[in-house]
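Per UniProt numbering, residue 1 is the first one in the sequence shown, and the count goes up by one each step. Glycine is no exception: its CB is placed at the ideal position from the N, C-alpha and C atoms. Taking it in order: structure first as structure tokens, then the write-up.
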Amino acid sequence: MLLQTDLDTQVRNIMGMIALSDLDLARNTNDFLTLGKAYRNIISSLQQRPTSDQISTNIIFGFEESRKFSSYLTKDALSLLDDKKQNNVIEDTLDFEAEEKAVLIDKALNLLNILDYEYSQLFKTLVTDIFIMPSGCARGGTTSAAVGIIWANPRCYYKVAEVLEFLIHEMTHNALFIDEQFHQHYNYDEILKKNNWAISAILKTPRPLDKVIHSIIVATEVVLFRDKLLGHPERPLVHPPTNMLIDQALISIDSVKTIISTSNFKALISPRVNYLLQNAEEKLSKIKRLN
């Protein structure tokens with residue numbers, strides 16, 4: 001979400017998440033180092049999992065350790081790369097290509113550091129661990145129950161830039177999970193009703209409103225990341241071509257606008273969500289006009 005907001009906003013969101021659990025800890029946070037340590041203390045306590053004292057992203061590919069991290073994600077519905085809720089997508093089997101995938105991910109993180117140091121620092125702060133496990137139907141995912149963790153299953157033939165796009169996709173989910181906690185985005189009793197569903201920007205099928213908002217924000221971040229830093233790929237593998245991704249996201253935004261126009265939008269979403277949607281629409285429309 002960094003390219004849709006700014007670094008100060010992302011830091012405030014993380015600070016807000018910390019303050020919700022420990023106000024004194026938040027008050028003693030004054031730079032990236034103390035922010036990262038406080039954030040790790042909070043998620044370690046909330047999720048009952050160990051975190052490193054280092055403000056960096058661990059890449060985990062050993063089978064037994066990856067299995068432990070897998071258990072944190074399978075407690076809740078995954079926000080998958082293909083935006084489709086599936087059960088048991090992570091296979092509890094040895095991935096013989098895990099080390100090769102870990103090397104790809106490390107190269108992608110190094111590329112991010114070269115392209116945008118600020119983005120890289122936020123990634124290292126926000127994403128504590130990336131673990132590798134195989135799947136026959138998904139390339140990776142995240143969950144709101146395990147903020148800070150990314151499950152990764154990239155193809156070994158992916159280019160480094162493709163893997164970086166995947167990581168930006170999943171980091172954006174994590175950033176939005178924190179934004180949701182801090183700003184209280186939804187009335188979940190209402191948005192889960194099927195008559196309040198909208199069209200997803202990634203899968204292009206009806207989904208609950210929170211999933212659709214995630215797909216829009218993720219699609220927008222990927223488009224902006226390509227436009228500002230990575231370049232627009234001719235034959236992308238992880239996400240659709242830019243023009244298609246923009247069109248799908250704008251269709252999803254229209255779908256959400258239709259839903260909230262036929263309801264009292266304040267009964268479904270907060271003003272914060274409305275702002276994020278308008279902001280995404282403006283940024284996507286601008287790139288579409290220029291291309």
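Discussion item. Per the DSSP calculation, Trp-151 is bridged to which residue(s)?
Written reply: Taking the first residue of the sequence shown as position 1, residue 151 is located at position 151. Note: Trp-151 sits in a beta bridge opposite Phe-131, Gly-141.
Worksheet item: Who are Ile-60's beta bridge partners in DSSP?
Response: Taking the first residue of the sequence shown as 1, we reach residue 60 at position 60. DSSP, once it has assigned bridges, lists Phe-131 as partnering Ile-60.
Practice prompt. Report yes if the C-beta distance between Ala-198 and Ser-255 is below 8 Å; otherwise report no.
Written response: In the sequence shown, residue 198 corresponds to position 198, counting from 1. In the sequence shown, residue 255 corresponds to position 255, counting from 1. Yes; because the gap between Cβ atoms is below 8 Å, this pair is in contact.
Discussion item. Whole angstroms are fine: how far does the CA of Leu-104 sit from the CA of Leu-245?
Written reply: Residue 245 sits at position 245 when you count from the first residue of the sequence shown. Residue 104 sits at position 104 when you count from the first residue of the sequence shown. In a straight line, the C-alpha of Leu-245 is about 24 Å away from that of Leu-104.
Fill in: Rounded separation between Pro-134 and Asp-92 - CA only
Your numbering for residue 134 matches position 134 in the sequence shown. Your numbering for residue 92 matches position 92 in the sequence shown. Roughly 8 Å between the two C-alpha positions.
Worksheet item: Along the chain, where does the alpha helix (DSSP H) that runs through Met-1 open and close?
Response: In the sequence shown, residue 1 corresponds to position 1, counting from 1. Taken as a continuous stretch (DSSP letters only), Met-1 belongs to no alpha helix (DSSP H), as it is neither H nor E.
Item to complete: Go through its chain and collect everything with a Cβ distance to Gln-4's Cβ below 8 Å, but skip five positions before and after it.
Response: Reading the sequence shown from its first residue, position 4 is the one you call residue 4. Hits under 8 Å: Ile-217, Thr-220, Glu-221, Leu-224, Leu-276, Asn-279, Ala-280, Lys-283.
Worksheet item: Can you check whether the CB of Lys-37 is closer than 8 Å to the CB of Asp-22?
Response: As a position in the sequence shown, residue 22 is number 22, starting the count at 1. As a position in the sequence shown, residue 37 is number 37, starting the count at 1. Cβ distance not < 8 Å, so Asp-22 and Lys-37 don't count as in contact.
Worksheet entry | From Asn-195, Ile-251, Ile-253, Glu-190, residue whose alpha carbon lies closest to that of Leu-268 | Translated into positions along the sequence shown, residue 268 becomes position 268. That would be Glu-190, whose Cα lies nearest to the Cα of Leu-268.
Discussion item. Just to check my reading of the structure: Ile-149 and Tyr-72 have Cβ atoms closer than 8 Å, yes? What is that Cβ distance to the nearest angstrom?
Written reply: Numbered from 1 along the sequence shown, position 149 holds the residue referred to as residue 149. Numbered from 1 along the sequence shown, position 72 holds the residue referred to as residue 72. Between Tyr-72 and Ile-149 the Cβ distance is about 6 Å, and since that is below 8 Å, they are a contact.
Discussion item. Can you list, in chain order, the residues of its chain with a C-beta nearer than 7 Å to that of Leu-33? Leave out the 5 residues immediately preceding and following it.
Written reply: Reading the sequence shown from its first residue, position 33 is the one you call residue 33. If we look at Leu-33 and ignore the five residues flanking it on each side, its Cβ neighbours are Ile-55.
Worksheet item: Of the residues His-183, Ala-249, Ser-215, which one's Cα is nearest the Cα of His-169?
Response: Taking the first residue of the sequence shown as 1, we reach residue 169 at position 169. Among His-183, Ala-249, Ser-215, the Cα nearest to that of His-169 is on Ser-215.
Worksheet item: Taking the Cβ atom as the reference point for each residue, do Thr-143 and Asn-58 lie within a distance shorter than 8 Å?
Response: Position 143 of the sequence shown holds residue 143. Position 58 of the sequence shown holds residue 58. No, these two residues do not count as a Cβ contact at 8 Å.
Worksheet item: Unbroken alpha helix (DSSP H) runs of length 4 or more, entirely within the stretch 211 to 290: which are they?
Response: 242 to 261, 271 to 290
Item to complete: Whole angstroms is fine: what's the gap from Leu-20's alpha carbon to Arg-272's?
Response: Here residue 20 is taken as the residue at index 20 of the sequence shown, counted from 1. Here residue 272 is taken as the residue at index 272 of the sequence shown, counted from 1. Rounded to the nearest angstrom, the two C-alpha atoms are 18 Å apart.
Discussion item. Using a Cβ-Cβ distance cut-off of 8 Å, determine whether Arg-226 contacts chain B.
Written reply: Annotation note: the requested chain B is absent from the structure, which comprises a single protein chain.
Worksheet entry | Beta-carbon contacts of Asn-153 that lie in its chain and below 7 Å, excluding the five residues immediately before and after | The sequence position of residue 153 within the sequence shown is 153, counting from 1. Hits under 7 Å: Ile-132, Met-133, Pro-134, Ser-135, Ala-138, Arg-139, Gly-140.
Fill in: Cut-off 6 Å between Cβ atoms - residues of its own chain near Leu-167, not counting five sequence neighbours on either side
Translated into positions along the sequence shown, residue 167 becomes position 167. Only Ala-108 meet the Cβ criterion.
Worksheet item: Which class does Ile-168 belong to by DSSP, given the choice of helix, strand or coil?
Response: Working through the sequence shown from its first residue, we reach residue 168 at position 168. Here Ile-168 sits in helix by DSSP.
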